[in-house]
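Heads up, the thing below is written out as structure tokens.
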Amino acid sequence: MRSLPISSGDRWQFQAPSLMVGAPNEDSGAKEVDGSQTDNSALNSGAAYVFVRTGTTWNHQTYLKASNTEASDFFGISVAISGDTVLAGAYQEDSNATGSNGNEFDNSAESSGAAFIYAPPNTAPKIVAGALSRIAGNAVLNSQIATVNDAEDEEDKLTATINGASSATVSGVTISGISISAAGSVTADIVAAADAKTSGFNLRITDTEGFFTEVTLIVNVITATLTLDNPFECLGPGGLVGLTVQIKNTGVAPITAGLFATIPANLPVVPGSCAATSGACTIQNSSSLTWAGDLAAGQSATVRFKAQVAEGAPKGQQLCISTDVRVGGGLSGTLPACVTVNCDVVGLGADYPARSIAGDLKSGSVLIYNIVTSSADGRQQNTRFNITNTEPTRSAYVHIFLIDGATGNAAGFNVRLTPNQTATYLASDFDPGTTGFLIAVATDPGGCPVNHNFLIGDEYVRFASGYQANLTAMAVSAIVGSVPACEMNSMKSVIAFDGVSYGELPQGLIANNLPSVADGNETLLILNRIGGDLTTVATPLEQIGGIIYDDMESGVSFTYSNRISQLIGSTVEQSAKDGSQI
């Protein structure tokens, strides 16, 4: 800021981008701001001009006169400017007043002089109310309730009241602890009691000059609950947790609501498991889920989804899902829900990974017994098969399918295994006179396949022809994070051995020793096709090809083309020579 002479008695004052110029010999009789500049009835009364620069151009903005213009007062003999406030001196003004804002029309003190200050009129703060909502009965939450801007004061110098006080409660909703930041953010603590209703409040913000503005704040109150459903005796790897969120608009106006659930790594959301009575539910990935929808006054929405404990989750680990509820874009509250992995550890050592291929050295959720046979009386030919639930805490529900190897027709029954239980059955007790294979599938109590990778089994088989063997059941693991095989109301379920839902089945088989028939040995080879609709008929075998190597490492190829589900043979038919000659 600087003051420089222009000519005798004139002054100018510059503060970028404004310039104030005094003209003490100006003669207009106008008063105050932007009066008539052509009235020359007050000789040497004086004036001042304010200019503003835009780019390289100066534009006249304001014409100033004294509030008590009189001849020979020489208003503008000195000028000053600071921001949007300007000052002009009139050294020949005659008022006898003292201090500020005295009687300017008392001219009993000739040439005593005066100074005039001009500033824009004070304006009240400008407020924009925020979108507010709370969950009834939820914890207190600090939120931005409004934004404020004031032309004259720094925002953190403003004061705020709610319903005329520092805090207020209306219909069970309490607002307290109001604060205004330097950036103009108005925040407060808001809590809604369990029986609270949507409520309105009066927010007043006052500046340092006493000017104020009032707005109405509406706090939408919703009811929201989150419940967990774990149907088993304990929770462990592969266990499903059902979650249900219910939201209700208790107000009299429609609202737009939303959910955002954050899910821990060891409890991934199950793909395709989210369903809602209204609105749209989206599973973003294994660790997040969203829902959005419009709720009319009094309307409710129910959102359901499932999460599954990951393979390797340790006993004692607490897994918490945090669900934010929002209305109109503002946070209403958070619904926490926690579960604890509490199933006992199975045995010693580490389990095979669930994604490993099917095999007879592991446990699984599906067991395949490759040969089951019995005679009508069960004495000459029979199969004793065993199935064990190795889980020390949880029961296992198992659906057992007996597939006729010749027709593909299936018979089935259900069993329940308590923790660590082994059950033993005779094939002749269920389907006497049938030869085929057996599939055991872990299910929930309603019969829907589930992840329960704790089943093992074996069988003792005796044929009337003299063949006999003790065979271990092939186990296939269910994989955490896959699409559910079925829902509670489904008539059928799909078990996909694709490495995503369940482990893969082998595409090729190898027998490492076939003793020579010439030495009096006979080997029974069994090949099964695993597939089809077990409520009607299993899928048959199609063309099979292979190679047999003799003790001289010479290979001979063979092919089979059959339309049955199971192939049993003691010799191998081939194009070059009979298998009995190898």
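Offset between the sequence shown (1-based) and the working numbering: plus 2.
Glycine included, C-beta positions come from ideal geometry on N, C-alpha and C.
- What three-state label does DSSP hand V443 in the structure shown? Within the sequence shown, residue 443 is the residue found at index 441, counting from 1. Three-state DSSP puts V443 in a strand.
- Task: Could you pull out every residue in the same chain whose Cβ sits closer than 6 Å to the Cβ of T163, ignoring the five residues on either side in sequence?
- Result: Residue 163 sits at position 161 when you count from the first residue of the sequence shown. The answer, listed in chain order, is R206.
- Message: In the DSSP output, which residue or residues are listed as bridge partners for H401?
- Response: The residue labelled residue 401 in the question sits at position 399 within the sequence shown. Per DSSP, N416 and V443.
- Would you mind sorting S118 into buried or exposed? The rule is 16 or more other CB atoms within 10 Å of its CB. Position 116 of the sequence shown, counting from 1, holds the residue named residue 118. A small fix is needed here, since residue 118 is Phe in this sequence, not Ser. Under this definition F118 is a buried residue.
- Message: Just to confirm the assignment: which complete beta strand (DSSP E) runs, minimum length 3, are found wholly within the stretch 141-217?
- Response: 143-151, 161-164, 170-172, 175-182, 187-194 and 201-208
- Message: Which residue wins for smallest C-alpha separation from A425, given the options A138, A398 and K67?
- Response: In the sequence shown, residue 425 corresponds to position 423, counting from 1. Cα-wise, what sits closest to A425 is A398.
- Item | Exposure of N472, with buried meaning 16 or more beta-carbon neighbours within 10 Å | The residue you call residue 472 lines up with position 470 of the sequence shown. Classification of N472: exposed, given that the 10 Å Cβ count is below 16.
- Helix, strand or coil at A133 according to DSSP, with G and I counted as helix: On the sequence shown, residue 133 is found 131 positions in, with the first residue counted as 1. If DSSP states are grouped into helix, strand and coil, A133 belongs with coil.
- Query: T436 and L404: beta carbons closer than 8 Å?
  - Reply: By one-based count along the sequence shown, residue 436 stands at place 434. By one-based count along the sequence shown, residue 404 stands at place 402. In contact: T436 and L404 (Cβ atoms closer than 8 Å).
- Query: Can you name, in chain order, every residue of its own chain whose Cβ lies under 7 Å from the Cβ of S10, other than the five neighbours on each side?
  - Reply: To locate residue 10, count along the sequence shown from 1; it is residue 8. Only weak support is given to the placement of S10: the predicted model assigns it a pLDDT of 31, under 50, and the question is left unresolved by the model.
- Determine the closest residue to R418 out of P447, S334 and R55, with distance taken between C-alpha atoms. As a working note, residue 418 is residue 416 in the sequence shown. Taking each of P447, S334 and R55 in turn and checking the Cα distance to R418, the smallest one comes out for P447.
- Grouping DSSP H, G and I as helix and E and B as strand, with all else coil, what is V327? Taking the first residue of the sequence shown as 1, we reach residue 327 at position 325. Residue state, collapsed to three classes: strand.
- Of all the options N453, V329 and G468, which has the alpha carbon lying nearest to the alpha carbon of N523? Indexing the sequence shown from 1 puts residue 523 at position 521. Scanning N453, V329 and G468 for the CA closest to the CA of N523 turns up G468.
- Query: How big is the Cα-Cα spacing for L529 and T561?
  - Reply: Taking the first residue of the sequence shown as 1, we reach residue 529 at position 527. Taking the first residue of the sequence shown as 1, we reach residue 561 at position 559. Rounded to whole angstroms, L529 to T561 spans 13 Å at the Cα level.
- Contact set for G202: own chain, Cβ-Cβ below 6 Å, skip 5 residues either direction: By 1-based counting over the sequence shown, the position of residue 202 is 200. These residues qualify, in order along the chain: T218 and I220.
- Task: Hey, could you find the ends of the beta strand (DSSP E) E461 is sitting in?
- Result: In the sequence shown, counting from the first residue as 1, residue 461 sits at position 459. From DSSP, the beta strand (DSSP E) with E461 extends over L457 to R464.
- Message: Looking only at its chain, what residues have a beta carbon closer than 6 Å to the beta carbon of N98, apart from the 5 residues adjacent to it on each side?
- Response: The residue labelled residue 98 in the question sits at position 96 within the sequence shown. Answer for N98: D108, S110 and A111, listed in chain order.
- Could you give the DSSP three-state label for V482: helix, strand or coil? Walking along the sequence shown from the start, residue 482 turns up at place 480. Look at V482 here: in three-state DSSP terms it is coil, with no helix or strand label.
- Ends of the beta strand (DSSP E) at S38? Position 36 of the sequence shown, counted from the start, is the residue given in the question as residue 38. Looking at the DSSP string, S38 is not in any beta strand (DSSP E), and its letter there is neither H nor E.
- Message: On the DSSP letters alone, give me the boundaries of the beta strand (DSSP E) that A92 sits inside.
- Response: On the sequence shown, position 90 is the one that residue 92 refers to. Note, A92: beta strand (DSSP E), T87 to A92.
- Query: If you count every other CB in all the chains shown that lies within 10 Å of the CB of R381, and 16 or more means buried, which is it?
  - Reply: Against the sequence shown, residue 381 aligns to sequence position 379. R381 should be labelled exposed.
- Item | Cβ-based burial, T125 [other Cβ within 10 Å; buried from 16] | As a first step, residue 125 is located in the sequence shown; it is residue number 123 there, counting from the start. The residue in question, T125, is exposed, as its Cβ has fewer than 16 Cβ neighbours within 10 Å.
- Query: Given that a residue counts as buried once 16 or more other Cβ atoms are within 10 Å of its Cβ, and exposed if not, what is P239?
  - Reply: For this step, residue 239 is matched to residue 237 along the sequence shown. When all chains shown are included, P239 counts as buried.
- Query: What span of residues does the beta strand (DSSP E) with T395 cover, start to end?
  - Reply: Within the sequence shown, numbered from 1, the residue matching residue 395 stands at position 393. Neither: T395 is in no beta strand (DSSP E) and is coded neither H nor E.
- Message: Does D296 come out as helix, strand or coil in the three-state DSSP assignment?
- Response: Residue 296 sits at position 294 when you count from the first residue of the sequence shown. Three-state result, D296: strand.
- Would you report the Cα separation of S183 and E157, rounded to the nearest angstrom? Position 181 of the sequence shown holds residue 183. Position 155 of the sequence shown holds residue 157. Roughly 7 Å separates the two Cα atoms.
- Close beta carbons around K128, own chain, < 6 Å, minus the five adjacent residues each side: Your numbering for residue 128 matches position 126 in the sequence shown. Here the set comprises N151.
- Pairwise C-alpha distance: A255 and T225: Residue mapping note: residue 225 aligns to position 223 of the sequence shown, counting from 1. Residue mapping note: residue 255 aligns to position 253 of the sequence shown, counting from 1. Spanning the two alpha carbons is a distance of roughly 15 Å.
- Write down the C-beta distance between G534 and P270 rounded to the nearest angstrom, noting that I regard them as a contact closer than 8 Å. Along the sequence shown, one-based indexing puts residue 534 at 532. Along the sequence shown, one-based indexing puts residue 270 at 268. The Cβ separation is near 31 Å, so there is no contact.
- Express the C-alpha separation of V400 and A578 in angstroms, rounding to a whole number. Counting from one through the sequence shown, the residue named residue 578 turns up at place 576. Counting from one through the sequence shown, the residue named residue 400 turns up at place 398. With a pLDDT of only 37 at A578, under 50, the local geometry of the prediction cannot be trusted, and no value is derived from it.
- Cross-strand partners of N411 (DSSP beta bridge): As a first step, residue 411 is located in the sequence shown; it is residue number 409 there, counting from the start. DSSP, once it has assigned bridges, lists V539 as partnering N411.
- Answer yes or no: do I177 and A185 have a C-beta to C-beta separation smaller than 8 Å? As a working mapping, residue 177 is identified with position 175 in the sequence shown. As a working mapping, residue 185 is identified with position 183 in the sequence shown. Taking 8 Å as the Cβ cut-off, I177 and A185 do not qualify as a contacting pair.
- Those residues which DSSP pairs with R55 across a bridge: Numbered from 1 along the sequence shown, position 53 holds the residue referred to as residue 55. Its beta-bridge partners are W60.
- Out of curiosity, what's the CA-to-CA distance linking D155 and A167? The residue labelled residue 155 in the question sits at position 153 within the sequence shown. The residue labelled residue 167 in the question sits at position 165 within the sequence shown. Their backbone Cα atoms lie some 22 Å apart in a straight line.
- Hey, out of D326, N46, N222 and T474, whose CA is closest to A138's CA? Your numbering for residue 138 matches position 136 in the sequence shown. For A138, the nearest C-alpha among the options comes from N222.
- Contacting residues, own chain, Cβ-Cβ under 7 Å from F465 (five flanking each side not counted): Taking the sequence shown and counting its residues from 1, the one referred to as residue 465 is at position 463. Around F465: T375 and Q383.
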